[in-house]
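Residue numbers (my numbering): 13 to 521.
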């Protein structure tokens, strides 16, 4: 008999699986770094120029940029799980195109397709995680996600290293094909995890949403915390639907400071130089004296250090706060990049401090600081910013390494200094971030009116297989909550109805 996970085991299982989604784009970012220095890769692509290398590596971000803008909308229409499935499927197709490519053009095509998948995953995973996680676990779980990203990067480099012993074109084709294996696992897993309770309640699947909340809070249908979260989320959904204008223009007009904060965090995460190291570490190590396979080995060691450096942030992010971690990381990274201009072996100092600070935190900011009506759009535009600057750095680095050589690293050190000087609350306006760090996402956008919603009583019904997956439960209602809300027009609660509230959740009959 299968064991059903509830409570924290379920929460951490979901988080680990969600980390597989970010593992994919970490893997795809790192896999090219180890194969571009291989002799069989160079021979197959006729000794590619620096421009061609930069295009093959960075074109992935163009695809990711495009789909990250629309991923949030698709997630609202089809749900978080189906969007994860779509992203994994597209990523797998792209990996297959890359591993079977016949030349430069088909490789670029495959990288763009994989980028489309990465755009879906990198946008929807933070949204899904934020909607599943309680406030006291949110920071830790979000940082665990980034560890999954870095683990994907490190795994790709080590697979590149061991594949370099293959004496054929499979020395670079096999690491690219392995993307298909991971993508397939994610597709299967996306069918097994629960749907976001926030999305379920937003689409009037109230019983299914309540079932997920009950499971996340220990499995007891009478759990008071689960019932309270149901009430809070449902009322936030009502507030959301009453918003007069939820366009990008309205978001920019009303919350310009928060949008700039979310975008700047992602932009500086790239301009601070991590992908100079991440994408082209073997080339950097070759310039420092490690040649061929030894350069990939050093990159693998660097990637392993990178993974371990992300772990302290799991425990420090809620203790020290986001801002202190970002500022301290900026200082050490600026010093390391400055010295790297002359002593390239100091790379192993820079990378851990990125993993501790500017790696995970910019992914945590956007879902926390954006108001509920604009959360999906805010996360989408901040993720698109990440991929734009990711592409910019990835495309320009090989050319700049030849053009300005050692000066490239002090240049990125200047961006680290700028990110430190950037007192975000002062420059973009106070967004009350410290309050957001201690506030559950389901509480954001609560109105001042006393909560009056009652969650469905799951103890009075027998849940079938459809309910367990959260896809079909709630469709048997004779009317949705909105229909019942409008039916209250002549009742004594008319004022509350007009304000967007109803006095009772659906009964179970």
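C-beta atoms are modelled at their ideal positions from N, C-alpha and C, and glycine is treated no differently.
I'd like the span of the alpha helix (DSSP H) that includes residue 69, first residue to last.
Your numbering for residue 69 matches position 57 in the chain shown. Segment 62-90, the alpha helix (DSSP H) holding residue 69.
Outcome for residue 26 when other beta-carbon atoms lying within 10 angstroms are tallied against a minimum of 16:
In the chain shown, counting from the first residue as 1, residue 26 sits at position 14. Flag for residue 26 reads buried.
Just the C-alpha distance for residue 159 and residue 272, rounded to the nearest angstrom, thanks.
Looking up residue 159 in the chain shown gives position 147. Looking up residue 272 in the chain shown gives position 260. For residue 159 and residue 272, the distance between alpha carbons rounds to 25 angstroms.
Kindly indicate the opening and closing residues of the alpha helix (DSSP H) around residue 203.
If you number the chain shown from 1, residue 203 lands on position 191. From DSSP, residue 203 is part of no alpha helix (DSSP H); its letter is neither H nor E.
With DSSP as the reference, label residue 31 as helix, strand or coil.
Start at 1 with the first residue of the chain shown, and residue 31 comes out as number 19. Of the three classes helix, strand and coil, the one that applies to residue 31 here is helix, per DSSP.
Just tell me which of 404, 387 and 260 has its CA closest to the CA of residue 284.
Translated into the one-based positions of the chain shown, residue 284 becomes position 272. Minimum Cα distance to residue 284 is reached at 404.
Under three-state DSSP, which class holds residue 240?
Here the question's residue 240 lines up with position 228 in the chain shown. Three-state DSSP puts residue 240 in a helix.
Given a threshold of 16 other Cβ atoms within 10 Å of its Cβ, counted over all protein chains shown, does residue 181 qualify as buried or as exposed?
In the chain shown, the residue the question calls residue 181 occupies position 169. So residue 181 counts as exposed.
N-terminal and C-terminal residue of the alpha helix (DSSP H) that residue 219 is part of:
Stepping through the chain shown from its first residue, residue 219 is reached at position 207. That run of the alpha helix (DSSP H) goes 218-228.
Which residue comes first and which comes last in the alpha helix (DSSP H) that contains residue 16?
Numbered from its first residue, the chain shown carries residue 16 at position 4. Where residue 16 is concerned, there is no enclosing alpha helix (DSSP H), given that its DSSP letter is neither H nor E.
Just how far apart, CA to CA, sit residue 400 and residue 75?
In the chain shown, counting from the first residue as 1, residue 400 sits at position 388. In the chain shown, counting from the first residue as 1, residue 75 sits at position 63. Using only the alpha carbons, I get a separation of about 10 angstroms.
Report yes or no: do three or more beta-carbon pairs, one from the segment 47-54 and one from the segment 91-111, lie closer than 8 angstroms?
no
Can you give the Cα-Cα distance for residue 453 and residue 258, rounded to whole angstroms?
Counting from 1 along the chain shown, the entry for residue 453 is found at position 441. Counting from 1 along the chain shown, the entry for residue 258 is found at position 246. Note that residue 453 has pLDDT 40, beneath the 50 cutoff, so the model's placement of it is unreliable and no number is given.
contact_flag[the segment 75-86, the segment 217-227] where n(CB pairs < 8 angstroms) is 3 or more
Touching, no, given that fewer than three Cβ pairs across the two stretches are closer than 8 angstroms.
Does the segment 190-200 come within contact of the segment 62-69, defined as at least 3 CB pairs closer than 8 angstroms?
With fewer than three CB-CB distances shorter than 8 angstroms, the segment 190-200 does not count as touching the segment 62-69.
Going by beta carbon distance, what residues of the same chain come within less than 7 angstroms of residue 29, once the five residues before and after it are set aside?
Residue mapping note: residue 29 aligns to position 17 of the chain shown, counting from 1. So the list reads 201 and 205, once near-sequence residues are dropped.
Less than 8 angstroms between the beta carbons of residue 346 and residue 411, yes or no?
For this step, residue 346 is matched to residue 334 along the chain shown. For this step, residue 411 is matched to residue 399 along the chain shown. It is not a contact, given that the beta carbons lie outside the stated cut-off.
Three-way DSSP call (helix, strand, coil) for residue 399 in this model:
Stepping through the chain shown from its first residue, residue 399 is reached at position 387. Looking at residue 399 - three-state DSSP - the assignment turns out to be helix.
On a Cα-Cα basis, can you pick out the residue from 382, 21, 305 and 103 that is closest to residue 178?
For this step, residue 178 is matched to residue 166 along the chain shown. Here the closest residue by C-alpha is 305.
Would you mind sorting residue 251 into buried or exposed? The rule is 16 or more other CB atoms within 10 Å of its CB.
As a first step, residue 251 must be located in the chain shown, where it is residue number 239. If you draw a 10 Å sphere on the C-beta of residue 251, you find 16 or more other C-beta atoms in it, and that means buried.
Please name the residue in 129, 268, 168 and 378 whose C-alpha comes closest to that of residue 314.
What you label residue 314 is simply residue 302 of the chain shown in a count that begins at 1. Nearest neighbour of residue 314 by Cα position, chosen from 129, 268, 168 and 378, turns out to be 168.
Would residue 322 be called buried (16 or more neighbouring beta carbons within 10 Å of its own) or exposed?
Taking the chain shown and counting its residues from 1, one reaches residue 322 at position 310. So residue 322 ends up on the buried side.
Coarse secondary structure for residue 125, derived from DSSP in three states:
Along the chain shown, one-based indexing puts residue 125 at 113. Helix at residue 125.
Among the candidates 370, 188 and 393, whose CA atom is the shortest distance from the CA of residue 431?
Position 419 of the chain shown holds residue 431. Of 370, 188 and 393, the residue nearest in Cα terms is 370.
Please determine, among 79, 89, 393 and 246, the residue with the shortest C-alpha to C-alpha distance to residue 275.
Position 263 of the chain shown, counting from 1, holds the residue named residue 275. With distances taken between Cα atoms, residue 275 lies closest to 393.
Quick check on residue 382: does DSSP put it in helix, strand or coil?
As a position in the chain shown, residue 382 is number 370, starting the count at 1. DSSP places residue 382 in coil when its eight states are reduced to three.
Cutting at 8 angstroms between CB atoms, please list the residues of its own chain near residue 196, excluding the five before and the five after it.
To locate residue 196, count along the chain shown from 1; it is residue 184. Closer than 8 angstroms at Cβ, skipping near neighbours: 100 and 104.
On the criterion of 16 or more Cβ atoms from any shown chain inside 10 Å, does residue 113 qualify as buried, or is it exposed?
Position 101 of the chain shown holds residue 113. Its Cβ being crowded by 16 or more others within 10 Å, residue 113 is buried.
For residue 157, does the three-state DSSP call read helix, strand or coil?
As a working mapping, residue 157 is identified with position 145 in the chain shown. Here residue 157 sits in helix by DSSP.
How long is the line joining the alpha carbons of residue 415 and residue 267, rounded to whole angstroms?
For this step, residue 415 is matched to residue 403 along the chain shown. For this step, residue 267 is matched to residue 255 along the chain shown. If you take the alpha carbons of residue 415 and residue 267, they lie about 40 angstroms apart.
Please report how far the alpha carbon of residue 406 lies from the alpha carbon of residue 70, in whole angstroms.
The residue labelled residue 406 in the question sits at position 394 within the chain shown. The residue labelled residue 70 in the question sits at position 58 within the chain shown. Distance between residue 406 and residue 70, taken at the CA atoms: about 5 angstroms.
Span separating the alpha-carbon of residue 153 from that of residue 89:
Reading the chain shown from its first residue, position 141 is the one you call residue 153. Reading the chain shown from its first residue, position 77 is the one you call residue 89. So the alpha carbons of these two residues sit roughly 25 angstroms apart.
Just the C-alpha distance for residue 174 and residue 264, rounded to the nearest angstrom, thanks.
Residue mapping note: residue 174 aligns to position 162 of the chain shown, counting from 1. Residue mapping note: residue 264 aligns to position 252 of the chain shown, counting from 1. Each residue's alpha carbon lies about 48 angstroms from the other.
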